[in-house]
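Since the structure comes first, as structure tokens, the remarks are kept for the end.
There are 2 protein chains.
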Amino acid sequence: MSLQDFINEAISPWMNDEGNDSDIVLSTRIRLARNLEEVPFPTSQDQNSQHKVLQHVEQEFNQHSVHDFKKFQLVKMADLEPIEKRVLVEKHLISPNLADNKETGGVLISENEQASIMINEEDHLRIQLYYSGFELTEALQQAQELDDWFEERTRYAFDEHKGYLTSCPTNVGTGLRASIMMHLPALTMTNQMNQIVPEINKIGLVVRGIYGEGTEALGQLYQISNQMTLGKSEDDIIEDLQSVVKQVIDSERKAREWVMQQSGIQLEDRIFRSYGVLAHSRIIESKEASKCLSDVRLGIDLGLIKHVSKNILNELMVLTQPGFLQHYAKKSLKPNERDWFRANLIRERLQLEQYNN
Amino acid sequence: MSLQDFINEAISPWMNDEGNDSDIVLSTRIRLARNLEEVPFPTSQDQNSQHKVLQHVEQEFNQHSVHDFKKFQLVKMADLEPIEKRVLVEKHLISPNLADNKETGGVLISENEQASIMINEEDHLRIQLYYSGFELTEALQQAQELDDWFEERTRYAFDEHKGYLTSCPTNVGTGLRASIMMHLPALTMTNQMNQIVPEINKIGLVVRGIYGEGTEALGQLYQISNQMTLGKSEDDIIEDLQSVVKQVIDSERKAREWVMQQSGIQLEDRIFRSYGVLAHSRIIESKEASKCLSDVRLGIDLGLIKHVSKNILNELMVLTQPGFLQHYAKKSLKPNERDWFRANLIRERLQLEQYNN
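Read top to bottom, the protein sequences are chains A and B. Residue numbering for the first sequence follows full-length UniProt numbering, beginning at 1 and increasing consecutively. Residue numbering for the second sequence follows full-length UniProt numbering, beginning at 1 and increasing consecutively.
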């Protein structure tokens with residue numbers, strides 16, 4: 001498999017679109033939690049009913065298409081090797097939880113991988129939709145259309161007062177979680193995230209680093225999402241999130257300007273040194289790679305680095321995760337071997353970039 | 001001035017020759033201290049007699065040639081700007097001491113800059129000769145020929161018992177100092193220099209780092225030279241030095257093999273990261289530049305880095321000294337401006353290398 005083929009396999013087609021505010025917002029995700037009426041929730045561990053849900057989806061939706069979504073394909077966890085499941089997790093098409101449901105877990109994936117519906121995760125159905133850039137309204141609208149498509153052939157567990165019923169009470173109501181993945185290097189550099197995160201939490205939204213553990217944000221990537229699903233309409237949830245994200249975008253842009261004014265040459269040095277590390281190192285740990293990728297992406301957004309595609313951060317953050325590395329190496333790798341493969345893969349990827357330009 | 005012209009100006013032509021053991025020995029230097037009979041030593045501060053020495057050299061040797069040395073040219077310190085003197089110091093054609101002798105200091109330089117005769121430094125004449133690589137015997141022979149040429153038209157201060165008389169007693173006798181500049185990264189990495197240096201000192205030779213201050217060796221470059229000038233023939237001095245340097249060369253080669261066997265991938269990573277820093281940084285201090293240049297040179301010698309010329313270490317160690325940087329910038333530079341110019345110059349130099357190959 002050539003590197004280009006591998007990348008094509010690793011990167012979902014929708015990632016190549018350029019969305020709104022794509023200098024800061026990498027992607028928008030909408031998730032709807034839904035359950036079937038009069039069927040025990042997956043948390044009940046009732047294998048029989050879970051099998052029925054999987055069967056229902058297979059009969060009604062597999063190989064079908066709706067609106068702009070070309071053919072959906074059902075993938076059953078039972079049919080996948082552990083490494084294949086890991087790759088789907090790293091592409092964010094399934095959750096680690098779903099991967100663990102070997103018997104009855106499944107996922108229905110649209111051709112461009114923009115939509116994925118997890119089956120028998122915490123809820124019977126988890127409809128997920130990804131967009132490049134900041135596209136909350138469009139994403140919600142499409143998610144609702146998908147939801148309608150499912151509802152046409154499925155009876156949802158729904159309560160007149162509470163709304164959609166879910167396994168976990170935190171999802172009851174709209175069952176909606178909207179998340180925005182943002183690249184916030186300047187706010188991180190200027191230590192403003194320490195103030196911004198608690199502020200955002202106060203108004204009922206959640207900020208967390210992605211790819212990192214705990215509060216540390218690898219690659220200076222943060223996800224902002226709504227916490228509440230109950231007592232607010234879907235439109236209100238989206239509107240509140242939209243307004244906060246807009247403010248964060250503004251702050252990040254101002255912080256970038258400020259850093260460039262205050263210490264432009266130091267920032268340029270840092271960015272190009274990071275490029276140098278990615279382009280030349282022979283061993284690189286995940287943490288350092290994330291830091292350097294973040295710097296390079298900032299360099300691209302600031303117009304300092306040319307001839308390197310904007311997607312390189314998101315793409316290489318995915319490609320250099322353990323699952324993909326092992327998929328690429330075609331064998332399981334010890335941590336030190338991963339560091340070697342990671343360096344190789346990044347180097348080859350950057351060379352491909354030079355070659356393409 | 002193009003970078004290539006500047007480099008041509010900065011790099012003495014002899015530096016482009018490839019001498020023996022050039023993977024480890026960068027250059028060989030022979031220096032003979034000589035004084036004129038019945039003329040007070042320069043240390044006496046007798047301006048009048050110093051002027052006469054300068055005049056004598058101008059009349060007898062300026063614009064003359066001998067053997068393979070094409071036309072010698074006399075340069076008087078009085079005619080040079082401070083920056084020009086600094087450049088000559090960084091090319092090792094004159095000493096800082098000579099540069100300070102504004103009135104009567106001078107230097108006679110051969111066309112390929114291999115031979116330079118300092119006038120009115122500590123002694124009336126200091127005949128210096130440089131060779132690329134490990135070339136002690138050849139260098140001594142040529143220095144003696146130059147010495148003979150001078151002696152034909154000059155009466156030296158000489159004592160039947162003591163030999164050549166010099167200002168400083170440590171030079172009396174042969175007046176000979178032979179020095180070998182070596183690149184010893186593997187012996188440094190494996191901490192063997194800490195043992196080797198005292199051993200060499202014990203047998204009457206001196207090891208010191210060059211370009212560094214104190215014991216620290218910038219660029220892992222060390223100079224080994226004889227200390228004694230009295231009580232030993234020139235041939236014996238050279239022979240002793242030759243044998244010690246050969247041993248050090250052997251040890252360095254073995255250490256390189258060992259490091260490659262023990263931690264080849266770590267070493268490769270270090271070397272390529274250093275290349276990345278040199279090729280991409282926008283600000284670089286002298287110390288870091290030296291460390292990276294040393295790594296890259298080792299990478300070339302180990303065959304890991306191709307398409308970069310071997311001379312890059314010696315060349316960039318000279319080019320990135322403050323004098324040359326300011327000469328290149330055509331203005332005096334503050335330390336932080338130097339770091340910026342240094343990074344620029346190194347980057348452009350490496351790009352030139354890619355372009356040439």
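C-beta: ideal position from N, C-alpha, C; glycine also.
Item	Value
Does any residue of chain B bring its CB to less than 8 Å from the CB of residue 275 of chain A?	yes
Between which two residues does the beta strand (DSSP E) harbouring residue 131 of chain B extend?	125 to 132
At the 8 Å Cβ level, is residue 289 of chain A part of the contact set with chain B, yes or no?	no
Is the CB of residue 265 of chain A under 8 Å away from at least one CB in chain B?	yes
Strictly by DSSP, which residues pair up with residue 251 of chain A?	DSSP output for residue 251 of chain A lists no bridge partner at all.
Going by DSSP, what residues sit across from residue 118 of chain B in a beta bridge?	B:107, B:126
Scan the stretch 198 to 245 of chain A and note each continuous beta strand (DSSP E) run of 3 residues or more that stays entirely inside, going in chain order.	205 to 209, 221 to 226
According to DSSP, is residue 159 of chain A helix, strand or coil?	strand
For residue 173 of chain A versus residue 104 of chain A, is the C-beta spacing smaller than 8 Å?	no
Where does residue 28 of chain B fall in DSSP's three states?	strand
Is residue 56 of chain A close to chain D? Criterion is C-beta to C-beta, closer than 8 Å.	Reference to chain D is not applicable here, since the protein chains of this structure are A and B.
Should residue 280 of chain A go down as buried or exposed, given a rule of 16 or more other Cβ atoms within 10 Å for buried?	buried
Give me the chain A residues within the contact set of residue 280 of chain B, using Cβ-Cβ distance strictly less than 7 Å, ordered along the chain.	272, 273, 275, 276
In chain B, which residues lie less than 8 Å from residue 283 of chain A when you measure between Cβ atoms?	265, 266, 269
Name the chain A residues that come within less than 8 Å of residue 340 of chain B, Cβ to Cβ?	265
With DSSP run on the structure shown, which of helix, strand or coil describes residue 66 of chain B?	strand
Quick one: does the C-beta of residue 154 of chain A sit closer than 7 Å to a heavy atom of the ligand FAD?	Annotation note on the ligand FAD: not contained in the displayed structure, which lists no ligands.
Under 8 Å between the Cβ atoms of residue 57 of chain B and residue 74 of chain B?	yes
Quick one: what's got a C-beta closer than 8 Å to residue 19 of chain B's C-beta in the same chain, skipping five residues either side?	25, 27, 28, 131, 132, 133, 134, 135
Check for me: the beta strand (DSSP E) holding residue 73 of chain B runs from which residue to which?	73 to 76
Would you identify the three-state DSSP class for residue 176 of chain A, choosing helix, strand or coil?	strand
Bridge partners for residue 181 of chain A per DSSP, in chain order?	A:27, A:223
Just the C-alpha distance for residue 166 of chain A and residue 243 of chain A, rounded to the nearest angstrom, thanks.	27 Å
Using a Cβ-Cβ cutoff of less than 6 Å, which residues in the same chain neighbour residue 206 of chain B once the five nearest sequence positions on both sides are dropped?	225, 227
Could you please give the first and the last residue of the uninterrupted alpha helix (DSSP H) stretch that includes residue 15 of chain A?	Looking at the DSSP string, residue 15 of chain A is not in any alpha helix (DSSP H), and its letter there is neither H nor E.
Which residue wins for smallest C-alpha separation from residue 287 of chain A, given the options A:127, A:42, A:329, A:338?	A:338
Under 7 Å Cβ to Cβ from residue 13 of chain A, same chain only, skipping five residues before and after it: list those, please.	112, 113
List the endpoints of the continuous alpha helix (DSSP H) containing residue 290 of chain B.	286 to 301
Do residue 284 of chain B and residue 343 of chain B have their C-beta atoms within less than 8 Å of each other?	yes
Assuming the contact rule is C-beta atoms closer than 8 Å, residue 108 of chain A and residue 116 of chain A should be a hit. Round their C-beta distance to whole Å, please.	7 Å
Could you check what DSSP says for residue 282 of chain B in three-state terms: helix, strand or coil?	coil
Report yes if the CB atom of residue 184 of chain B is closer than 8 Å to the CB atom of residue 268 of chain B, and no otherwise.	no
Please report the Cβ distance between residue 143 of chain B and residue 238 of chain B, rounded to the nearest whole angstrom; I am assuming they are in contact, meaning their Cβ atoms lie under 8 Å.	Residue 143 of chain B to residue 238 of chain B, Cβ: 10 Å. No contact.
Please report the distance separating the alpha-carbon of residue 119 of chain B from that of residue 99 of chain B.	11 Å
How would you call residue 311 of chain A, buried or exposed, if buried means at least 16 neighbouring beta carbons within 10 angstroms?	buried
Between which residues of its own chain and residue 158 of chain A is the CB-CB distance below 8 Å, once the five residues before and five after are set aside?	37, 164, 165
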